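Worksheet: the structure to be examined is printed underneath.
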Amino acid sequence: MASKEPQDDSFVTYDLKVEVICPPGKKILCNAKNGDYFILKDEMLYLPPDQGMSIYNISAALPLLQAKQRKTHPNDWMSTDDMVACPDPYCPSRLKITRCGESVWRHSDVSGFPPMQQQEKK
Numbered sequence: 050m051a052s053k054e055p056q057d058d059s060f061v062t063y064d065l066k067v068e069v070i071c072p073p074g075k076k077i078l079c080n081a082k083n084g085d086y087f088i089l090k091d092e093m094l095y096l097p098p099d100q101g102m103s104i105y106n107i108s109a110a111l112p113l114l115q116a117k118q119r120k121t122h123p124n125d126w127m128s129t130d131d132m133v134a135c136p137d138p139y140c141p142s143r144l145k146i147t148r149c150g151e152s153v154w155r156h157s158d159v160s161g162f163p164p165m166q167q168q169e170k171k
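My numbering runs 49 ahead of the 1-based position in the sequence shown.
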């Protein structure tokens, strides 16, 4: 007889810090400052008070953020490569993506669709 106990539907994602990095003495072309950053915790993006971030910089990093939040194989480039170029080809700045914490999610809190293990039983 199958157990009626609910299965653990939790999973873990990394929280990320995305920081502007620029070589000393070089000019950043997007009005950012070396060290400006944002935090991605769960699905929410947080900026420090009184600090902005160029939408162009955010758009350069955005396609990578969901993958960087997931656990990956140690040999996968997503596990090792942490720099994203500024989208302006003449700007020397980079965005450094650092895994800085973990968040625990529950499938039932973020999806109306049943978890895979429940789908496979049908």
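Glycine is no exception: its CB is placed at the ideal position from the N, C-alpha and C atoms. In this text the structure is predicted, and so the values were computed from the model without any measurement.
Query	Result
Residue range of the alpha helix (DSSP H) that includes H127	Per the sequence presented here, residue 127 reads as Met, with His not at that position. Here the alpha helix (DSSP H) through M127 covers W126 to T129.
8 Å contact criterion, which C67 and L89 should meet: CB distance rounded	According to the sequence displayed, residue 67 carries Val and not Cys. About 7 Å separates the two Cβ atoms, so the contact holds.
Spatial distance of P112 from W154 (CA atoms)	21 Å
When I146, E151 and S160 are compared against S128, the one with the closest alpha-carbon	I146
Sequence-distant residues of its chain with Cβ nearer than 6 Å to C140 (five each side left out)	L78
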